[in-house]
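Residue numbers for the sequence shown, in this note's numbering: 4 to 502.
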Amino acid sequence: MMTHEMKVLDRQDQFLQRWNKLFVLSCAISLALDPLFFYIPVLKLNDQETCLYSDRTLAIVVSVLRSVNDAFYAIRIYFQFRTGIIRPSTPVLGWPELNTQPMAIAKRYLSTYFTVDILAILPLPQVVVFVIETSFKNADPMGMTEMLKSVIFSQYVPRLLRIYPLYVEVIRSSGRLTNTTWGGAAYNLFLYMLASHVVGACWYFFGIERQDACWQKMRRKINGCQDKDFYCGNKLDQADFVGLVSQACHIVEPDEAKKSTHHFDYGIFTTVLKSGVVESRNFTVKFSYCFWWGFRSLSSIGQNLETSTFFWEIVFVVFIAISGLVLFLVLIGNMQIYLQSTTMRRVQEMRVRKTDIEQWMSRCMLPNCLKERVRRYEQHKWLQIRGVEEENLIQNLPRDIRRDIKHHLCFDLLKKVPMFQKMDQQLWDPMIDFLKPVLYTQDSYIVREGDPVDEMLFIMRGNLASYTTNGGIIGFFNTGDLKAGDFCGEELLTWSLYA
Numbered sequence: 004m005m006t007h008e009m010k011v012l013d014r015q016d017q018f019l020q021r022w023n024k025l026f027v028l029s030c031a032i033s034l035a036l037d038p039l040f041f042y043i044p045v046l047k048l049n050d051q052e053t054c055l056y057s058d059r060t061l062a063i064v065v066s067v068l069r070s071v072n073d074a075f076y077a078i079r080i081y082f083q084f085r086t087g088i089i090r091p092s093t094p095v096l097g098w099p100e101l102n103t104q105p106m107a108i109a110k111r112y113l114s115t116y117f118t119v120d121i122l123a124i125l126p127l128p129q130v131v132v133f134v135i136e137t138s139f140k141n142a143d144p145m146g147m148t149e150m151l152k153s154v155i156f157s158q159y160v161p162r163l164l165r166i167y168p169l170y171v172e173v174i175r176s177s178g179r180l181t182n183t184t185w186g187g188a189a190y191n192l193f194l195y196m197l198a199s200h201v202v203g204a205c206w207y208f209f210g211i212e213r214q215d216a217c218w219q220k221m222r223r224k225i226n227g228c229q230d231k232d233f234y235c236g237n238k239l240d241q242a243d244f245v246g247l248v249s250q251a252c253h254i255v256e257p258d259e260a261k262k263s264t265h266h267f268d269y270g271i272f273t274t275v276l277k278s279g280v281v282e283s284r285n286f287t288v289k290f291s292y293c294f295w296w297g298f299r300s301l302s303s304i305g306q307n308l309e310t311s312t313f314f315w316e317i318v319f320v321v322f323i324a325i326s327g328l329v330l331f332l333v334l335i336g337n338m339q340i341y342l343q344s345t346t347m348r349r350v351q352e353m354r355v356r357k358t359d360i361e362q363w364m365s366r367c368m369l370p371n372c373l374k375e376r377v378r379r380y381e382q383h384k385w386l387q388i389r390g391v392e393e394e395n396l397i398q399n400l401p402r403d404i405r406r407d408i409k410h411h412l413c414f415d416l417l418k419k420v421p422m423f424q425k426m427d428q429q430l431w432d433p434m435i436d437f438l439k440p441v442l443y444t445q446d447s448y449i450v451r452e453g454d455p456v457d458e459m460l461f462i463m464r465g466n467l468a469s470y471t472t473n474g475g476i477i478g479f480f481n482t483g484d485l486k487a488g489d490f491c492g493e494e495l496l497t498w499s500l501y502a
């Protein structure tokens with residue numbers, strides 16, 4: 004009998020880490036897709052008709068995009084049943100032990116985030132959208148729209164609850180969400196843009212609700228007028244209703260509405276209603292205008308918003324103010340962390356090192372000319388290595404990696420020495436291991452004439468000038484230039500053989 008054993012993934016596996024990053028992006032996209040449902044309702048405001056209808060094209064497009072994203076997230080649920088879990092007990096050596104039992108993995112997932120994940124991917128908005136499309140003629144259109152709002156907000160909770168643990172898991176396993184500094188900063192900026200999009204979509208939708216609130220107020224004054232009559236598809240003589248609405252629901256500025264008892268106060272939604280975007284089916288116009296309003300409101304922390312006395316409008320503005328403040332602080336803090344994590348951190352280390360060197364030279368009372376040489380060397384070293392200590396970095400690596408790196412850097416240089424070309428290949432590795440990178444600044448003396456030769460130099464970058472007078476003989480002067488790939492001090496090899 005043959006059995007098929009399910010492969011269990013390790014949380015530290017590179018394949019799973021890449022997928023988890025894609026899942027974080029998928030969650031962020033889902034948070035951006037849901038508010039698009041708020042743009043489906045459209046108003047028709049003119050002298051002949053005052054009613055509400057839905058943008059069927061936008062409804063289909065958004066529903067398809069949402070379904071595709073939900074299907075992608077279903078892969079995440081599948082991976083959860085195949086990802087090993089850490090055993091509660093810690094081994095003697097301190098290395099976490101992975102539990103690969105399918106039943107234990109399933110039990111752990113079912114008792115934690117499974118319910119949240121299922122609630123997050125239920126196609127409730129798609130169902131409500133098409134129920135609205137088929138029920139506008141027989142039911143209250145604003146009631147169905149209210150149902151859509153409830154579904155979107157209720158599903159936002161599990162989606163937000165799920166994206167944070169997934170984000171933490173990615174950070175814990177791979178160290179950061181993106182491999183580049185600017186990638187991390189762009190991700191944090193995307194969160195700010197996402198919040199602006201959500202606020203703008205809610206502003207559009209709530210504006211339509213406030214318009215409906217005025218309609219409902221006027222409907223009570225007309226006998227036989229029902230909620231379903233607000234749907235544009237119903238053939239109803241709206242002459243009386245349009246005439247009444249055109250006066251009582253006429254859109255005026257908030258200051259004028261507060262002074263008059265005959266006008267409805269739309270508060271912060273006056274702008275979206277007067278702009279005409281609630282009557283447009285041009286999605287680009289609606290989205291860009293509402294996004295800009297959301298971005299501006301969050302950036303100003305709601306200080307430019309003048310509300311009416313409507314309670315939920317005030318709650319919405321308070322939410323904008325708090326969200327704008329929190330997002331601004333988080334954005335600045337995270338971008339500062341990302342930007343300072345690499346370059347700025349090393350610049351700070353250079354400043355500290357420079358201060359330490361200056362204090363040391365002052366204590367030693369070095370002459371100014373010598374101090375200047377030290378400063379010039381430190382500056383040149385920083386420009387070349389940018390704070391990365393190459394020797395320390397190589398020495399901290401395993402022996403085989405260290406040998407291969409030095410072999411890659413120095414093998415071609417050693418082959419240029421004639422004596423080494425006849426040497427056994429097995430002797431090259433010990434010699435390569437003794438090679439150390441050294442940095443010299445311009446006008447530095449490496450070895451003076453008459454000094455003992457105790458090392459052999461291989462030039463990797465730059466140029467080296469050689470001057471000799473053959474022991475100080477008058478009239479004798481010989482020069483030579485060495486460039487990258489050349490070497491000097493090979494006489495040390497001959498002396499070593501005859502020593």
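The beta carbon of each residue, even a glycine, is placed where N, CA and C say it ideally should be. Nothing here was measured: the structure is a model prediction, and the numbers come from that model.
Contact belief for residue i with residue j at Cβ below 8 angstroms, rounded distance in angstroms
i	j	result
Ala-204	Leu-39	7 angstroms
Val-27	Tyr-170	6 angstroms
Gly-270	Glu-316	5 angstroms
Ala-62	Ile-32	Actually they are not in contact, since the Cβ atoms of Ala-62 and Ile-32 sit about 19 angstroms apart, beyond 8 angstroms.
Leu-46	Ile-211	6 angstroms
Cys-293	Tyr-207	5 angstroms
Cys-491	Leu-460	5 angstroms
Glu-494	Val-456	6 angstroms
Assigned secondary structure, residue i (DSSP; H/G/I helix, E/B strand, else coil)
i	result
Lys-486	coil
Lys-47	strand
Asn-285	coil
Arg-451	coil
Asp-446	coil
Thr-312	coil
Gln-17	helix
Thr-274	helix
Leu-334	helix
Cys-205	helix
Ser-114	coil
Leu-125	coil
Asn-399	coil
Tyr-76	helix
Cys-235	coil
Ile-325	helix
Tyr-3	It is not possible to answer for residue 3, since the shown part of the chain is limited to 4 through 502.
His-383	helix
Pro-370	coil
Ile-108	helix
Ser-33	helix
Leu-303	The sequence given here has Ser at residue 303, not Leu. Of the three classes helix, strand and coil, the one that applies to Ser-303 here is coil, per DSSP.
Met-426	coil
Pro-440	coil
Residues that DSSP places opposite residue i in a beta bridge
i	result
Ala-468	Asp-484
Phe-290	Looking at the DSSP assignment, Phe-290 forms no beta bridge with any residue, so it has no partner.
Tyr-56	Val-45
Phe-461	Phe-490
Burial state of residue i, where buried means 16 or more other Cβ atoms lie within 10 Å
i	result
Gln-17	exposed
Tyr-448	exposed
Trp-98	Unreliable placement is indicated for Trp-98, whose pLDDT of 48 sits below 50; no coordinate value is reported for it.
Thr-273	buried
Asn-23	buried
Ile-155	buried
Val-201	buried
Asp-123	According to the sequence as given, residue 123 is Ala; it is not Asp. When all chains shown are included, Ala-123 counts as buried.
Tyr-76	buried
Gly-146	exposed
Ile-108	buried
Gly-478	At Gly-478, the pLDDT of 49 sits below 50, so the modelled position is not reliable; the number obtained from the coordinates is stated separately. Gly-478 is exposed by the Cβ-count criterion.
Ala-198	buried
Gln-214	buried
Trp-218	buried
Leu-505	Residue coverage of the chain in this structure runs from 4 to 502, which leaves residue 505 outside it and unanswerable.
His-266	buried
Leu-96	Note on Leu-96: pLDDT 41, under 50, position unreliable in the model; the coordinate value appears next. Burial call: exposed.
Asp-484	exposed
For the stretch 402-411 against the stretch 426-439, are there 3 or more C-beta pairs whose distance is under 8 angstroms? Touching, yes.
Hey, is the stretch 321-339 in contact with the stretch 351-370, meaning 3+ C-beta pairs nearer than 8 angstroms? With the rule of 3 Cβ pairs closer than 8 angstroms, the stretch 321-339 does not count as touching the stretch 351-370.
Mind the definition here: the stretch 302-315 touches the stretch 60-75 only if three or more C-beta pairs lie below 8 angstroms; say whether that holds. Remark: fewer than three beta-carbon pairs, one from each stretch, lie closer than 8 angstroms, so the stretch 302-315 and the stretch 60-75 are not flagged as touching.
For the stretch 72-86 against the stretch 53-62, do three or more pairs of beta-carbon atoms, one drawn from each stretch, fall closer than 8 angstroms, so that the two count as touching? Output reads no: the stretch 53-62 does not touch the stretch 72-86.
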